[in-house]
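These notes are about the structure you will find just below.
In structure tokens, the structure reads:
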């Protein structure tokens, strides 16, 4: 399988956002997720886990260029078992942006749940 596209849920300055359902986890080797043309400095991920064990989520280091800080490596965050919810970010484009402007997220096999990408607005 290939990476699953995760759409951006965009906040609006001085507004609100209905809670999006998220994108079903695409777990396993060679799978994962891609957030296209993500403004990562203002992007936050919400990852849920309905599996009975905790699982790591890996935000992949970007490519240089454009990611000047890609050498810092991947960011790995554990999501708790069963009812776990983990918020990740805001993510630095200088560390995580790929050459095509996307952000890549890998999910371990057996992880079940959802992933949602939120774009925060600039201050108004």
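Numbering (the working numbering), first residue to last: 32 to 155.
Just so you know, even glycine gets a beta-carbon here, dropped at the ideal spot from N, CA and C.
Since we're looking at a predicted model, the values are computed, not measured.
A contact is defined here as three or more CB-CB pairs under 8 Å, and the segment 73-81 fails this definition with respect to the segment 94-102.
When rounded, the separation of the alpha-carbon atoms in residue 118 and residue 36 is 19 Å. Taken in chain order, the unbroken stretches of beta strand (DSSP E) that lie wholly in the segment 39-109 and span 3 residues or more are 39-41, 64-66, 74-80, 86-90. Exposed is the label assigned to residue 44, since fewer than 16 other Cβ atoms lie within 10 Å of its Cβ. Per the DSSP secondary-structure output, residue 37 pairs with nothing in a beta bridge.
The Cβ atoms of residue 143 and residue 82 lie closer than 8 Å to each other.
Here residue 34 has 57, 62, 63, 64, 65, 135 as same chain residues with Cβ atoms under 8 Å from its own Cβ, once five neighbours each way along the sequence are excluded.
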